[in-house]
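A.B. asks: Below is one structure. I have some questions about it.
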Amino acid sequence: MPVMADRSPVLRIITSAARESLKPLGLAQRGRSRLWIDDQGWWFGVVEFTPPRTAGSGLHVGAMWLWHDVDHLAFHVDAVRVSPEPFRSEEQFTPLALELSRQAAASVTALREKFPVLPEVVRYLTSRPVRRGFLWDCFDAGIAAALVGDPDTARDHFERILREDPLAPWRKNLSSVQNGSTEDWNNIAACGGSGSVRRLAMTSRKTRRIGGSSGGSSRS
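In terms of full-length UniProt numbering, the sequence shown opens at residue 1 and continues consecutively.
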């Protein structure tokens, strides 16, 4: 999701609509881009008014878990995706932008209600059907379980990663996040409580910079 200057009327119209619907909810625009961030402490709500090949906009709203130590925004949970609407004129596009921004606000509110506290995140992540090959599902569930002090659940999800045959380089990297040993995973699984919260806070502060946010109200 590159952050680029958009000099067309589209960005101005989208920004105006987003300020009307998203700013009252506390979201912050990332620079002068089409991205808006909802900092919920443990996670970001990410709103992107997706640019099509030609002038116009679509919409993508989702949640990003902040325990991922990355230098880019991501959608780990999708809330809504709307196909791009073309820009033909300001009169035609303005009501479309307003509707997209209202959909974004509704999706942000739904994500907040879905993940109000970290235990709800754990319930969501650990209740999803197991998908073979989707190692990040197990990783997220394991990290979240460890953070709330549930080492058995965390260990179970980490061991699923070790049982997978890493066929692609990114899978191999994932399996070796903590040197890839059962002992390492067990240590992570047993580290729930204040220590893991502090570690998450450190990672969150680093990751949060990519969203242009200096901090949020961590809620456990």
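Where is the CB? At the ideal position from N, CA and C, for every residue including glycine.
For phenylalanine 134, count the other beta carbons within 10 Å of its own beta carbon; 16 or more makes it buried, fewer makes it exposed. Which is it?
C.D. replies: Taking the sequence shown and counting its residues from 1, the one referred to as residue 134 is at position 134. By the 10 Å Cβ count, phenylalanine 134 comes out exposed.
A.B. asks: Find out if the Cβ-Cβ distance for the pair phenylalanine 87, valine 10 is shorter than 8 Å.
C.D. replies: Counted from its first residue, the sequence shown places residue 87 at position 87. Counted from its first residue, the sequence shown places residue 10 at position 10. In contact: phenylalanine 87 and valine 10 (Cβ atoms closer than 8 Å).
A.B. asks: Would you mind reading off the limits of the alpha helix (DSSP H) that contains histidine 157?
C.D. replies: Translated into positions along the sequence shown, residue 157 becomes position 157. Here the alpha helix (DSSP H) through histidine 157 covers 151-163.
A.B. asks: Could you pull the start and end residues of the beta strand (DSSP E) that aspartate 69 belongs to?
C.D. replies: Position 69 of the sequence shown holds residue 69. Aspartate 69 -> no beta strand (DSSP E), and no H or E assigned at all.
A.B. asks: What are the partner residues of tryptophan 36, as DSSP defines its beta bridges?
C.D. replies: As a working mapping, residue 36 is identified with position 36 in the sequence shown. Looking at the DSSP assignment, tryptophan 36 forms a beta bridge with Gln29 and Val47.
A.B. asks: Hey, leucine 43 and leucine 66: beta-carbon distance below 8 Å or not?
C.D. replies: Within the sequence shown, residue 43 is the residue found at index 43, counting from 1. Within the sequence shown, residue 66 is the residue found at index 66, counting from 1. Reading the sequence as shown, one finds tryptophan at residue 43 and not leucine. It is a contact, given that the beta carbons lie within the stated cut-off.
A.B. asks: Roughly how many angstroms lie between the CA atoms of valine 82 and histidine 60, to the nearest whole one?
C.D. replies: Locating residue 82 in the sequence shown gives position 82, counting from the first residue. Locating residue 60 in the sequence shown gives position 60, counting from the first residue. If you take the alpha carbons of valine 82 and histidine 60, they lie about 6 Å apart.
A.B. asks: Determine the direct distance from the alpha carbon of arginine 163 to that of residue 222, and round the result to whole angstroms.
C.D. replies: Outside the displayed span of the chain (1 to 220) sits residue 222, for which this structure offers no information.
A.B. asks: How would you call valine 117, buried or exposed, if buried means at least 16 neighbouring beta carbons within 10 angstroms?
C.D. replies: The count along the sequence shown starts at 1 and reaches residue 117 at position 117. Looking at its Cβ environment, which holds fewer than 16 other Cβ atoms inside 10 Å, valine 117 is exposed.
A.B. asks: Just verifying my parser: in three-state terms, what is the DSSP assignment at alanine 79?
C.D. replies: By one-based count along the sequence shown, residue 79 stands at place 79. DSSP places alanine 79 in strand when its eight states are reduced to three.
A.B. asks: With DSSP collapsed to three states, give me the class of glycine 58.
C.D. replies: Within the sequence shown, the letter at position 58 stands for residue 58. Residue state, collapsed to three classes: strand.
A.B. asks: Kindly list the residues whose CB is nearer than 6 Å to the CB of alanine 145, restricted to its own chain and excluding five residues on each side of it in sequence; keep chain order.
C.D. replies: Working through the sequence shown from its first residue, we reach residue 145 at position 145. Cβ within range, chain order: Val122, Thr153 and Ala154.
A.B. asks: Answer yes or no: do glycine 62 and proline 84 have a C-beta to C-beta separation smaller than 8 Å?
C.D. replies: Reading the sequence shown from its first residue, position 62 is the one you call residue 62. Reading the sequence shown from its first residue, position 84 is the one you call residue 84. Not a contact, by the Cβ cut-off of 8 Å.
A.B. asks: In angstroms with no decimal places, state the Cα-to-Cα distance between proline 151 and proline 129.
C.D. replies: If you number the sequence shown from 1, residue 151 lands on position 151. If you number the sequence shown from 1, residue 129 lands on position 129. Their backbone Cα atoms lie some 20 Å apart in a straight line.
A.B. asks: Would you identify the three-state DSSP class for proline 129, choosing helix, strand or coil?
C.D. replies: Walking along the sequence shown from the start, residue 129 turns up at place 129. Three-state result, proline 129: coil.
A.B. asks: Do glycine 45 and leucine 111 count as a contact pair if the criterion is CB distance below 8 Å?
C.D. replies: Translated into positions along the sequence shown, residue 111 becomes position 111. Translated into positions along the sequence shown, residue 45 becomes position 45. A contact, by the Cβ cut-off of 8 Å.
A.B. asks: Alpha carbon to alpha carbon, how far is threonine 54 from arginine 34?
C.D. replies: Locating residue 54 in the sequence shown gives position 54, counting from the first residue. Locating residue 34 in the sequence shown gives position 34, counting from the first residue. Near 15 Å, if we compare the C-alpha coordinates of arginine 34 and threonine 54.
A.B. asks: Thinking just about the alpha-carbon of each residue, which of Ile37, Val77 and Gly31 is nearest to the one in alanine 141?
C.D. replies: In the sequence shown, counting from the first residue as 1, residue 141 sits at position 141. Checking every option, the nearest Cα to that of alanine 141 belongs to Val77.
A.B. asks: How many Å lie between tyrosine 124 and serine 89 at the Cα?
C.D. replies: The residue labelled residue 124 in the question sits at position 124 within the sequence shown. The residue labelled residue 89 in the question sits at position 89 within the sequence shown. The straight-line gap from Cα to Cα measures roughly 42 Å.
A.B. asks: Considering Cα atoms alone, identify which of Phe115, Pro119 and His157 is closest to residue 221.
C.D. replies: Any question about residue 221 goes unanswered here, given that the chain covers just 1 to 220.
A.B. asks: Identify every residue that forms a DSSP beta bridge with glutamate 85.
C.D. replies: Here residue 85 refers to the residue found at position 85 of the sequence shown. Paired residue(s): Ser57.
A.B. asks: Mind checking whether leucine 27 and isoleucine 37 have CB atoms under 8 Å apart?
C.D. replies: Counting from one through the sequence shown, the residue named residue 27 turns up at place 27. Counting from one through the sequence shown, the residue named residue 37 turns up at place 37. Yes, the Cβ-Cβ distance between leucine 27 and isoleucine 37 is below 8 Å.
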